[in-house]
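A.B. asks:
2 protein chains.
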Amino acid sequence: MSDQPEGTRLDPWLDSYAARALGMKASEIRALFAVANRPEVVSLAGGMPFIGGLPLEEIGELIKRLIIERGEVALQYGSGQGDQGLREQILDVMRLEGVTAHPDDIVVTTGSQQALDLVAKIFLNPGDVVVAEAPSYVGALGVFRAYEADVEHVPMDADGIIPSALEEALDRLKAEGRPVKFLYLVPNFHNPAGVTLSMDRRPQIVEIARRRGILVIEDNPYGLLGFDSEPLPAMHSLNPEGVIYLGSFSKTLGPGFRIGWAVAPHAVKEKLVLASESAILCPSNASQLAISTYLDHHDWLGQIKKFREQYRERRDAIISGLEEHIPEASWNVPAGGFYTWVKLPEGLDSKSMLPRAVTARVAYVPGTAFYYHGQGADHMRLSFCYPTPERILEGVRRLATVIESELELVETFGTATRPGPDTVSFPAPDLA
Amino acid sequence: MSDQPEGTRLDPWLDSYAARALGMKASEIRALFAVANRPEVVSLAGGMPFIGGLPLEEIGELIKRLIIERGEVALQYGSGQGDQGLREQILDVMRLEGVTAHPDDIVVTTGSQQALDLVAKIFLNPGDVVVAEAPSYVGALGVFRAYEADVEHVPMDADGIIPSALEEALDRLKAEGRPVKFLYLVPNFHNPAGVTLSMDRRPQIVEIARRRGILVIEDNPYGLLGFDSEPLPAMHSLNPEGVIYLGSFSKTLGPGFRIGWAVAPHAVKEKLVLASESAILCPSNASQLAISTYLDHHDWLGQIKKFREQYRERRDAIISGLEEHIPEASWNVPAGGFYTWVKLPEGLDSKSMLPRAVTARVAYVPGTAFYYHGQGADHMRLSFCYPTPERILEGVRRLATVIESELELVETFGTATRPGPDTVSFPAPDLA
């Protein structure tokens, strides 16, 4: 990677941009991922679900009937808040996690990413603070940066964010006079850390936030994808007036529809609808009704169970690969979701190692992507959602050879790192 | 209409909102339009296209084949910039208006509304000024308000925005030290004014902006829907480095897909892609590929010609209705698009008259929606896109009775107006 900026053409509009646009820079790993998307590279980088597991024939037939029978609605503008019927079905989905709400509490969005963007838009002034786990979802960090907020990371352990560390951080921020707008969490099968906030801690975290008047943003795309157990109750179920819940069909059906949702307290929901209408007028009726008809006519819960089994098999593949080929690293064994979070052997730097990995035809996301201020170089995120178990094993083998030669460098020169560029701001969307 | 705020529940998060959210208020005409959507009301309010004119059987079959044959792409995450194949096809569409560009210059968005939101996001600081026509598109005004910008309206006549008035406004703003970020225009079959920027004026306007270093935002959803003539060359074709062109499939195919696009100078395009990835990760592959396969396999230009004829017939219906039933008003005869802009007889107020119109089972959008500071009460926008010609005539007849009784009030009391609430901020999306 060269330190040369990607675009060398002069920008005649450089002086016109808004302050918030100045932080919008392509991350230096983007160019690399263009290479990583080549078929010969095993990508353990992306968060792309296994769409091949879906009943495509049946979905195609359902959508055809939808267009023919209800095309005048499906291809028309719709409600800014989202289709009423779909909002009722979303209640059925969320009931599996103990969320009780009313269809009017739900705002349907262009993926839950848009819900996150809208929440940030209505709450964040420049300089406001978001408290998030350490590490945190790269796409959320990008949103917070776009609204010129700061992020304070709070440590996690195997049971998720640590309550005492959260209290300590909030005390410190308060003492510093820095306004905390919300606590952003991915409580289930965390991206990238793979851990789940324990049952014990959920009420503690909700209570800490409630006592201090801080909203909780519960981002939950993976909650139904546990391999070994039933879903835990959502944090929303513990304090509906203090939690904005974000859900998505991207991982339980397909991200190509771009349909997610937010459940929010009444007045917040009103603002979210207005902000969404301003941003996109309304979510896609075609996508919403396609999902609605799928939920009506297909055993969607059975499909989720199939996905769980497929992802468990892939999780098993990556863990056994790590055990066999990279025993000098450490990792967690996720009980669901798409990711494992790997700590590299002492002295290795996941960011500077990435070009060598891509050369060896394997890709991952360096840990630095998941911290607002560029920490995390001693970790990497490995995704096991997309490649087959065989390809996953091959990818881990390739990664092992890269790590081995890095370790030789460390032994010889004392370090394998070299000075890296700044934090990762906007990696490509398929990493999310 | 009561002056009572819609939500009377207390908002515990009231103190947490960002400054930009304070301006996000539901317009007081929203509640009214919930009533106006009842089937017994003839809506001359909405900008909903005539989806019934589409070949739904064929589109359903095409999408079914798409999902079965390419479902693993269509239901997956895609590129933040949009599908490469669709971007190439968009070039074919824009070639009809003289736009020459490269697929890499295009960013596909969730309707062109999102493109507008992204442009505002990367350019507008609070207090910046956008120069727009008087009147201007209500959805654009909502976006500018969401980014806390101010809007300066410049008069139009039958040939569109008036160059000398534009220069005068820009001189004045410069003298006042107010930073103008861009000039926002709907040059073809203007929403709501129905007029088209003349061939003579296009290079003049582009040159005025170029000389002063001001970007032009050319919002063009209706350009291919001229009734009597071929499309005029886009302003983009006159200065590609100084114009951001916004296009849409909402009016030439269907808004239910939520697919629009922006064509922008290289560096601006880069920022738009980053801003879009932050906001939604990527546009819907399902929607993009559905449109792509429609463009590939259907005579899309033939379909647009059919739409033109259908909308011309509706335009003729509304104009002859106005001539016959409301001769005391004045209006323009649009040569394309969806709207006519009606000046009410002296003393009438379109905003305060609206509840009476809805009671008489006809709806329109008051002119106040199309001005940033609430002017325009002497005008109304009538849409002729959605109802059949017969229903349009019935709607105009109903409107005539309302106007007549208003005029009687004026004769008796000297005025039919009563004090109205503030400006219309966020009307429902189907008014756009």
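Line by line, the protein sequences give chains L and F. Residue numbering for the first sequence follows the numbering used here, starting at 1 and increasing by one per position. Residue numbering for the second sequence follows the numbering used here, starting at 1001 and increasing by one per position. Glycine included, C-beta positions come from ideal geometry on N, C-alpha and C.
What span of residues does the beta strand (DSSP E) with residue 1261 of chain F cover, start to end?
C.D. replies: Note, residue 1261 of chain F: beta strand (DSSP E), 1259-1263.
A.B. asks: Mind pulling the chain L residues with CB within less than 7 Å of residue 1287 of chain F?
C.D. replies: Result: 284, 286, 287.
A.B. asks: Mind listing which residues of the segment 54-73 of chain L have their C-beta closer than 8 Å to chain F's C-betas, in chain order?
C.D. replies: Taking 8 Å as the Cβ-Cβ cut-off against chain F, the residues of the segment 54-73 of chain L that qualify are 54, 56, 57, 59, 60, 61, 63, 64, 65, 66, 67, 68, 71, 72, 73.
A.B. asks: In chain order, which continuous runs of the alpha helix (DSSP H) of length 4 or greater are located wholly inside the segment 1046-1075 of chain F?
C.D. replies: As far as the segment 1046-1075 of chain F is concerned, its whole alpha helix (DSSP H) runs of at least 4 residues are 1056-1074.
A.B. asks: Is there contact between the segment 346-366 of chain L and the segment 397-408 of chain L, where contact requires at least three CB pairs shorter than 8 Å?
C.D. replies: Judged by Cβ distances under 8 Å, the segment 346-366 of chain L makes contact with the segment 397-408 of chain L, as three or more pairs qualify.
A.B. asks: Mind checking the segment 260-286 of chain L against chain F and listing, in chain order, the residues whose C-beta falls within less than 8 Å of any C-beta there?
C.D. replies: Answer in chain order: 265, 266, 267, 268, 270, 271, 274, 275, 277, 278, 279, 280, 281, 282, 283, 284, 285, 286.
A.B. asks: In three-state DSSP terms, what is residue 160 of chain L?
C.D. replies: DSSP places residue 160 of chain L in strand when its eight states are reduced to three.
A.B. asks: Compute the Euclidean distance between the alpha carbons of residue 222 of chain L and residue 290 of chain L, then round it to the nearest angstrom.
C.D. replies: Approximately 21 Å between the Cα atoms of the pair.
A.B. asks: Who are the Cβ neighbours of residue 1112 of chain F in its own chain at under 8 Å, not counting the five residues just before and after it?
C.D. replies: For residue 1112 of chain F, where only same-chain residues beyond five positions count, the Cβ hits under 8 Å are 1219, 1221, 1246, 1247, 1248, 1250, 1260, 1261, 1262.
A.B. asks: What's the C-alpha gap between residue 215 of chain L and residue 265 of chain L?
C.D. replies: So the alpha carbons of these two residues sit roughly 10 Å apart.
A.B. asks: Going by CA-CA distance only, name the one from L:392, L:234, L:178 that's closest to residue 200 of chain L.
C.D. replies: Nearest option by C-alpha distance: L:234.
A.B. asks: Return yes when the Cβ of residue 1372 of chain F is within less than 8 Å of the Cβ of residue 1153 of chain F, no when it is not.
C.D. replies: Cβ distance < 8 Å, so residue 1153 of chain F and residue 1372 of chain F count as in contact.
A.B. asks: Quick check: what's the CA-CA separation for residue 1049 of chain F versus residue 1324 of chain F?
C.D. replies: Computed Cα separation, rounded: 26 Å.
A.B. asks: Nearest by alpha-carbon distance to residue 104 of chain L: which of L:118, L:195, L:175, L:80 is it?
C.D. replies: Closest option to residue 104 of chain L, Cα to Cα, is L:80.
A.B. asks: Does any C-beta atom of chain L lie closer than 8 Å to the C-beta of residue 1235 of chain F?
C.D. replies: No, residue 1235 of chain F does not count as interfacial toward chain L.
A.B. asks: Beta-carbon separation of residue 1181 of chain F and residue 1130 of chain F under 8 Å?
C.D. replies: Yes. Within cutoff.
A.B. asks: Which value, in whole angstroms, describes the spacing of the CA atoms of residue 1350 of chain F and residue 1072 of chain F?
C.D. replies: Whole-angstrom Cα-Cα distance: 51 Å.
A.B. asks: What residue range does the beta strand (DSSP E) around residue 311 of chain L cover?
C.D. replies: From DSSP, residue 311 of chain L is part of no beta strand (DSSP E) but of the alpha helix (DSSP H) over 300-325.
A.B. asks: Would you mind sorting residue 19 of chain L into buried or exposed? The rule is 16 or more other CB atoms within 10 Å of its CB.
C.D. replies: Residue 19 of chain L comes out exposed.
A.B. asks: Compare the C-beta of residue 21 of chain L with all C-beta atoms of chain F and state if any pair is closer than 8 Å.
C.D. replies: True, the Cβ-Cβ gap to chain F drops below 8 Å.
A.B. asks: Using only alpha-carbon positions, find the residue among F:1086, F:1268, F:1331 that is nearest to residue 10 of chain L.
C.D. replies: Of the listed residues, the one whose Cα sits closest to residue 10 of chain L is F:1268.
A.B. asks: In chain order, what residues of the segment 73-90 of chain L put their CB closer than 9 Å to some CB of chain F?
C.D. replies: Answer in chain order: 73, 74, 75, 76, 77, 78, 79, 80.
A.B. asks: I want to see whether chain F comes within less than 8 Å of residue 258 of chain L, judged by CB atoms only; does it?
C.D. replies: It does; some Cβ of chain F falls within 8 Å.
A.B. asks: For a contact defined as C-beta to C-beta under 8 Å, what are the partners of residue 395 of chain L on chain F?
C.D. replies: Chain F residues near residue 395 of chain L: none, gap ~19 Å exceeds 8 Å.
A.B. asks: Excluding the 5 residues flanking residue 1155 of chain F on each side, which residues of the same chain have their C-beta closer than 7 Å to its C-beta?
C.D. replies: Excluding sequence neighbours, residue 1155 of chain F sits near 1134, 1162, 1165.
A.B. asks: By a C-beta neighbour count over all protein chains shown, 10 Å radius and 16 as the cutoff for buried, is residue 1047 of chain F buried or exposed?
C.D. replies: Burial call: buried.
A.B. asks: For residue 24 of chain L, go through chain F and note every residue whose CB falls closer than 8 Å to its CB, in chain order.
C.D. replies: Within chain F, the residues near residue 24 of chain L are 1122, 1271, 1274, 1275, 1278.
A.B. asks: Please check if any C-beta of chain L sits within less than 8 Å of the C-beta of residue 1217 of chain F.
C.D. replies: Chain L contact via Cβ: absent.
A.B. asks: Is residue 384 of chain L buried or exposed, if buried means 16 or more other CB atoms sit within 10 Å of its CB?
C.D. replies: Answer is buried; the Cβ neighbour count reaches 16.
A.B. asks: Express the C-alpha separation of residue 406 of chain L and residue 118 of chain L in angstroms, rounding to a whole number.
C.D. replies: Each residue's Cα considered, the two are about 42 Å apart.
A.B. asks: Give every residue of the same chain whose Cβ lies closer than 8 Å to the Cβ of residue 170 of chain L, excluding the five residues on either side of it in the sequence, and list them in chain order.
C.D. replies: So the list reads 131, 180, 208, 212, 214, once near-sequence residues are dropped.
A.B. asks: When Cβ atoms are compared, which residues of the segment 1113-1139 of chain F fall closer than 8 Å to chain L?
C.D. replies: Of all residues in the segment 1113-1139 of chain F, 1113, 1114, 1117, 1121, 1122, 1123, 1124, 1125, 1128, 1139 have a Cβ within less than 8 Å of some Cβ in chain L.
A.B. asks: Could you tell me which chain A residues have their CB closer than 9 Å to the CB of residue 110 of chain L, listed as they occur along the chain?
C.D. replies: No chain A appears in this structure, whose protein chains are L and F.
A.B. asks: Check distances from the C-beta atoms of the segment 1165-1188 of chain F to those of chain L and list, in chain order, the residues that come in under 7 Å.
C.D. replies: From the segment 1165-1188 of chain F, only 1181 have a Cβ closer than 7 Å to chain L.
A.B. asks: So, does the CB of residue 1041 of chain F fall closer than 8 Å to a CB anywhere in chain L?
C.D. replies: Chain L, which has no Cβ nearer than 8 Å to the Cβ of residue 1041 of chain F, makes this no.
A.B. asks: With a cut-off of 8 Å on the beta carbons, I'd call residue 1099 of chain F and residue 1236 of chain F a contact; round off their distance for me.
C.D. replies: Yes, they are in contact, since the Cβ atoms of residue 1099 of chain F and residue 1236 of chain F sit about 5 Å apart, within 8 Å.
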